Amino acid sequence: MKILYLTHTQPDGTLSKESLEVLGAAVEISKNVSGSTLSVALVGEQVQAAADSIAGCGAAGFTGVSGADFGVSRYSSDAAAAEALVRTADAALVLAPATSRFSRALPGVAQRLDGRIDTHITGIHTEGGGLQVERWYYRQRMMATLTRTQRPWLLLIDAGVFPPWTGEAGTAPVQQVTVDLPEAARRTRVIGEQAASTDAQTIRPDAELLFVAGAGWTKKQKDGQTHVKEAEKLILGFLDQSQASLGSSKSLVDQSGEGQEILPFMSHMNQVGQTGATPRHSKGLSTCCHGEEPHVVGWRFVHERRAVNTNPGCGWARGKADVLYVADAFEVIAKVNELLSKD
Ligand SMILES: Cc1cc2nc3c(=O)[nH]c(=O)nc-3n(C[C@H](O)[C@H](O)[C@H](O)COP(=O)(O)OP(=O)(O)OC[C@H]3O[C@@H](n4cnc5c(N)ncnc54)[C@H](O)[C@@H]3O)c2cc1C
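Residues 1 to 343 (the working numbering) are what the sequence shown spells out, left to right.
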């Protein structure tokens with residue numbers, strides 16, 4: 001089976017961690033499926049440095065589509081580049097990272113190639129020489145393992161599923177594939193990038209720790225009062241010192257729509273859970289959050305879990321956290337911030 005690892009470079013010409021994770025998977029699969037060969041295909045303004053950085057991955061060959069037209073995320077140029085690369089490789093299986101860029105472009109490529117695509121892949125199994133992939137359906141309630149006979153089969157692999165490839169850099173000769181874009185394909189011009197919200201910086205996918213703030217931070221405390229300003233200071237102080245990524249429960253992010261006093265830096269982008277995100281940090285710390293199932297399903301990939309809650313009977317106590325500190329999160333985080341500031 002011809003396996004193609006297809007990725008795009010970052011604006012600085014390197015490969016992202018997400019891309020290297022998919023390379024790790026591609027190398028592993030090509031070892032496990034007998035008779036398979038692995039090749040690499042790169043899209044970007046310049047691809048040579050990226051190819052050299054993974055020269056030791058054992059690929060039989062490197063191809064690339066490069067030039068200013070391919071340095072930006074645009075459907076027309078990305079789809080044309082990917083189509084040309086898959087055709088050149090005559091690939092049966094294409095593994096690519098589920099970046100926003102490829103999530104947009106590759107479904108159309110599968111259509112053009114009369115192939116099939118599966119997105120949000122969270123696992124690949126090669127036992128017995130076959131190939132099965134894993135993904136979740138129906139708002140993360142059901143996990144399916146599936147296979148397909150149609151080729152080429154394109155797989156967009158979610159971040160955080162596989163360990164990133166590490167290995168020797170070197171010199172990898174890249175066979176350039178020429179893609180002539182018609183003028184109509186250039187009618188979309190990329191003039192810049194803007195984050196969805198200036199507060200989105202609290203979401204740090206590469207952080208080791210996920211810090212979840214629940215609705216308890218804005219509820220009446222033991223003195224019968226709410227302390228939202230203090231909560232804000234404690235949470236931001238912790239994030240600043242720990243560089244953790246900020247997650248939230250649905251109850252907390254919904255409060256702005258309900259006219260309650262809110263934490264201004266919190267948006268629906270922070271929501272973790274069944275109807276929110278499924279982040280992939282290795283550790284998680286939940287504070288003032290009950291730990292109900294619709295929230296905790298979003299912690300599926302967070303393996304080391306701790307929670308701070310005043311209620312010893314909260315959801316985290318029921319096998320959903322490794323450690324539950326039955327304590328007041330205002331006091332705990334104030335102390336933790338104090339200790340962190342001494343480091
Ligand atoms: C279809 C569906 C989908 C849903 N999807 C999601 C989802 O994606 N994500 C999600 O989060 N929820 C989701 N929910 C809602 C979910 O069921 C809960 O209602 C929600 O997670 C509760 O949020 P919370 O724990 O922050 O708030 P609460 O349930 O109000 O809990 C607040 C907690 O804070 C604790 N607390 C208060 N003060 C302190 C203090 N000083 N120190 C320590 N602890 C304190 C309290 O003991 C309490 O446990 C969904 C529900 C449905 C029906």
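A virtual CB, placed ideally from N, CA and C, is assigned to each residue, including glycine.
Quantities reported herein were computed from a predicted structural model and do not represent experimental measurements.
Cβ-based neighbour list, residue i, same chain, cut-off 6 Å, excluding 5 preceding and 5 following
| i | result |
| --- | --- |
| residue 198 | Unreliable placement is indicated for residue 198, whose pLDDT of 49 sits below 50; no coordinate value is reported for it. |
| residue 333 | 234, 238 |
| residue 305 | 284, 321, 322 |
| residue 286 | 212, 307 |
| residue 289 | 212, 214, 249 |
| residue 262 | 255, 256 |
| residue 59 | 38, 39, 40 |
| residue 317 | 324 |
| residue 216 | 288 |
Best match in the options for proximity to residue i [C-alpha to C-alpha]
| i | options | result |
| --- | --- | --- |
| residue 94 | 76, 161, 25 | 25 |
| residue 245 | 232, 255, 284, 263 | 284 |
| residue 223 | 72, 328, 101, 70 | 328 |
| residue 74 | 257, 186, 112 | 186 |
| residue 8 | 298, 62, 34 | 62 |
| residue 248 | 10, 273, 4 | 273 |
| residue 41 | 53, 82, 68, 20 | 82 |
| residue 106 | 148, 153, 142 | 153 |
| residue 310 | 240, 221, 241, 242 | 221 |
| residue 278 | 203, 315, 263 | 203 |
| residue 190 | 57, 121, 4, 11 | 11 |
| residue 205 | 270, 4, 124 | 270 |
| residue 67 | 218, 194, 181 | 181 |
| residue 109 | 183, 167, 6, 27 | 6 |
| residue 230 | 173, 317, 331 | 331 |
| residue 46 | 300, 103, 55, 69 | 69 |
| residue 266 | 243, 296, 201, 300 | 201 |
| residue 124 | 335, 243, 300, 30 | 30 |
Anticipated Cβ contact below 8 Å, residue i with residue j, distance rounded
| i | j | result |
| --- | --- | --- |
| residue 179 | residue 80 | 5 Å |
| residue 251 | residue 291 | Rounded, the Cβ-Cβ distance is 12 Å, inconsistent with contact. |
| residue 165 | residue 23 | 4 Å |
| residue 326 | residue 312 | 5 Å |
| residue 16 | residue 169 | That belief does not hold up - the Cβ atoms of residue 16 and residue 169 are roughly 16 Å apart, past 8 Å. |
| residue 13 | residue 49 | 5 Å |
| residue 151 | residue 115 | 6 Å |
| residue 64 | residue 228 | With 8 Å as the limit, residue 64 and residue 228 do not qualify as a contact, their Cβ atoms being about 52 Å apart. |
| residue 135 | residue 122 | 6 Å |
| residue 314 | residue 167 | Not really, about 45 Å apart at Cβ, beyond 8 Å. |
| residue 174 | residue 51 | 5 Å |
Delimiting residues of the alpha helix (DSSP H) encompassing residue i
| i | result |
| --- | --- |
| residue 229 | 228-242 |
| residue 254 | 250-254 |
| residue 340 | 329-342 |
| residue 76 | 75-89 |
| residue 173 | Looking at the DSSP string, residue 173 is not in any alpha helix (DSSP H), and its letter there is neither H nor E. |
| residue 52 | 48-53 |
| residue 24 | 17-32 |
| residue 106 | 100-112 |
| residue 296 | 293-296 |
Own chain partners of residue i with C-beta closer than 7 Å, once the 5 adjacent residues on each side are dropped
| i | result |
| --- | --- |
| residue 18 | 97, 99, 159 |
| residue 268 | 253 |
| residue 33 | 1, 126, 129, 131 |
| residue 137 | 144 |
| residue 226 | 218, 219, 220, 261 |
| residue 342 | none |
| residue 104 | 75 |
Own chain residues within Cβ distance below 8 Å of residue i, not counting five before or after
| i | result |
| --- | --- |
| residue 2 | 36, 37, 39, 89, 90, 91, 92, 93 |
| residue 21 | 97, 157, 159, 160, 161, 162, 163, 164, 165 |
| residue 87 | 113 |
| residue 120 | 98, 135, 136, 156, 158 |
Limits of the beta strand (DSSP E) - the one that residue i falls within
| i | result |
| --- | --- |
| residue 281 | Element bounds for residue 281: n/a, residue is neither H nor E. |
| residue 96 | 93-97 |
| residue 116 | 116-121 |
| residue 309 | 304-309 |
| residue 135 | 132-137 |
| residue 153 | 153-157 |
| residue 181 | Residue 181 -> no beta strand (DSSP E), and no H or E assigned at all. |
| residue 290 | Premise fails: residue 290 is in no beta strand (DSSP E) and is neither H nor E. |
Beta-carbon proximity check, residue i vs residue j, cutoff 9 Å
| i | j | result |
| --- | --- | --- |
| residue 236 | residue 281 | no |
| residue 101 | residue 78 | yes |
| residue 319 | residue 298 | no |
| residue 149 | residue 133 | no |
| residue 76 | residue 188 | yes |
| residue 264 | residue 293 | no |
| residue 241 | residue 207 | no |
Cβ-heavy atom distance, residue i to ligand 2, below 8 Å
| i | result |
| --- | --- |
| residue 275 | Ligands present in the displayed structure are limited to ligand 1, and ligand 2 is not among them. |
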